[in-house]
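Visitor: I have a structure here, written as structure tokens, and I will follow up with some questions on it.
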Amino acid sequence: MIYHVLPGDAVATEFKKTDIVGKQIVCRECLVVGDIDAESLPEFWEQRARFILSEYGEDEIEYHDKVADELAKLTDMTTDDEVNLWFEYELFCSVNMWFCLWLLSETRAHVYRVEPIGLDEADRWDGFGKIAGDDLKACLELRSEFSAEDIAKGAALWEAYRRKDHAALDTLASIESPCFPHLGEVVAAAETQDIQPVETLKAIRESGETDFGKIFVEFKKRAGVYGYGDLQVKQLMQSD
Numbered sequence: 004m005i006y007h008v009l010p011g012d013a014v015a016t017e018f019k020k021t022d023i024v025g026k027q028i029v030c031r032e033c034l035v036v037g038d039i040d041a042e043s044l045p046e047f048w049e050q051r052a053r054f055i056l057s058e059y060g061e062d063e064i065e066y067h068d069k070v071a072d073e074l075a076k077l078t079d080m081t082t083d084d085e086v087n088l089w090f091e092y093e094l095f096c097s098v099n100m101w102f103c104l105w106l107l108s109e110t111r112a113h114v115y116r117v118e119p120i121g122l123d124e125a126d127r128w129d130g131f132g133k134i135a136g137d138d139l140k141a142c143l144e145l146r147s148e149f150s151a152e153d154i155a156k157g158a159a160l161w162e163a164y165r166r167k168d169h170a171a172l173d174t175l176a177s178i179e180s181p182c183f184p185h186l187g188e189v190v191a192a193a194e195t196q197d198i199q200p201v202e203t204l205k206a207i208r209e210s211g212e213t214d215f216g217k218i219f220v221e222f223k224k225r226a227g228v229y230g231y232g233d234l235q236v237k238q239l240m241q242s243d
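Numbering (this note's numbering), first residue to last: 4 to 243.
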């Protein structure tokens, strides 16, 4: 069976318009925020459900149905399955992808990285936002296969990130692989995540700007590597 793990409902909507073969699994998590250091996977899902409830007011049962149960499918893959991970480069998507690789690490499924194509260096954090139709098919055609070592590396990146083990992250970032472009920048962002986004937002607000739309656009220009959406930036503003 062929599976496509898509980074959110927006991409899933465009994906449905294509004739790409395979079942969709939509990743609706946001693992760059909230507690992620649980002792077991069942405890992890419960922990995340409580966090989503407290931060966004989403129902815990709905979380399990629409988020946890979707991603948990990855642990049931077999050697006969092909899994395409459609993830962008920035920290937000990278962490979600590392988690997916961790879930897949014991399955021996055939795993591929599908990247957003045609992005300029300045636009590298924009991802699949403006890609649709035949361009999505072109992204799939240019996919890269994760080796067993790559999958293990992704799982190790997840473990290091959830423990905030910066030394381990630095070591993993030093090992080059075509499946992990921009990893050095992403790891550097992970290590400054608790400080730099807040400082960037503070500097923007100190300039006198009060319109959230303009603040968000400027934040993306200065700190696009974090991949934060409007919800995450609003949370930073509330905590500032």
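Don't be surprised by glycine CBs; every beta carbon is placed ideally from N, CA and C.
Remember, predicted model here, so these are calculated numbers, not experimental data.
Decide if the stretch 92-100 is in contact with the stretch 209-229; the criterion is three or more beta carbon pairs, one per stretch, under 8 Å apart.
Guide: yes
Visitor: What is the rounded straight-line gap between the Cα of Val24 and the Cα of Leu88?
Guide: 14 Å
Visitor: Please report the straight-line C-alpha distance between Asp79 and Glu188, rounded to a whole angstrom.
Guide: 32 Å
Visitor: Grab me the residues of Tyr66's own chain with a C-beta within less than 6 Å of its C-beta, minus the 5 sequence neighbours each way, in chain order.
Guide: Ala52 and Ile55
Visitor: Measure the alpha-carbon distance for Phe47 versus Leu145 and round it to whole angstroms.
Guide: 34 Å
Visitor: Among Asp233, Ala206, Pro200 and Val14, which has the Cα closest to the Cα of Phe246?
Guide: Only positions 4 to 243 of the chain appear in the structure, and residue 246 is not among them; the question remains open.
Visitor: If distances are taken between C-alpha atoms only, which option among Lys76, Phe183, Lys205 and Thr203 comes closest to Val98?
Guide: Phe183
Visitor: Suppose you measure from the CA of Lys3 to the CA of Cys103; what does that come to, to the nearest Å?
Guide: Look at the range of the chain in this structure, 4 to 243, and you will see that residue 3 is not part of it.
Visitor: According to DSSP, is Ile198 part of a helix, a strand, or is it coil?
Guide: coil
Visitor: According to DSSP, is Tyr115 helix, strand or coil?
Guide: strand
Visitor: Give the DSSP-derived three-state secondary structure of Leu160 in the structure shown.
Guide: helix
Visitor: What are the residues that DSSP puts in a beta bridge with Val70?
Guide: Per DSSP, none; premise fails for Val70.
Visitor: Assuming Leu77 and Leu107 make a contact with CB atoms under 8 Å, what is their CB distance in whole Å?
Guide: 5 Å
Visitor: With a threshold of 7 Å on Cβ separation, who are the neighbours of Pro181 within its own chain once the five nearest residues in sequence on each side are excluded?
Guide: Ser147
Visitor: In chain order, what residues of the same chain lie with their CB nearer than 8 Å to the CB of Tyr59, ignoring the 5 residues before and after it?
Guide: Leu234
Visitor: Restricting to Cα atoms, I'd like to know which of Asp38, Glu32 and Trp105 is closest to Lys69.
Guide: Answer by Cα proximity: Glu32.
Visitor: Between the C-alpha atoms of Glu194 and Cys30, what's the straight-line distance to the nearest angstrom?
Guide: 24 Å
Visitor: Are Ile41 and Asp84 closer than 7 Å when you measure CB to CB?
Guide: Ile is not the amino acid found at residue 41; the sequence shown has Ala there. Going by C-beta atoms, Ala41 is not nearer than 7 Å to Asp84.
Visitor: Can you tell me whether Gly121 is buried or exposed, with buried defined as 16 or more other CB within 10 angstroms of its CB?
Guide: Flag for Gly121 reads exposed.
Visitor: Just confirm the distance between the C-beta atoms of Asp62 and Gln50, as a whole number of angstroms; I'd bet it's less than 8 Å.
Guide: Not quite, the Cβ-Cβ distance comes to about 16 Å (not below 8 Å), so this is no contact.
Visitor: With DSSP as the reference, please indicate the residues paired to Glu65 in a beta bridge.
Guide: In the DSSP output, where bridge partners are listed per residue, Glu65 has none listed.
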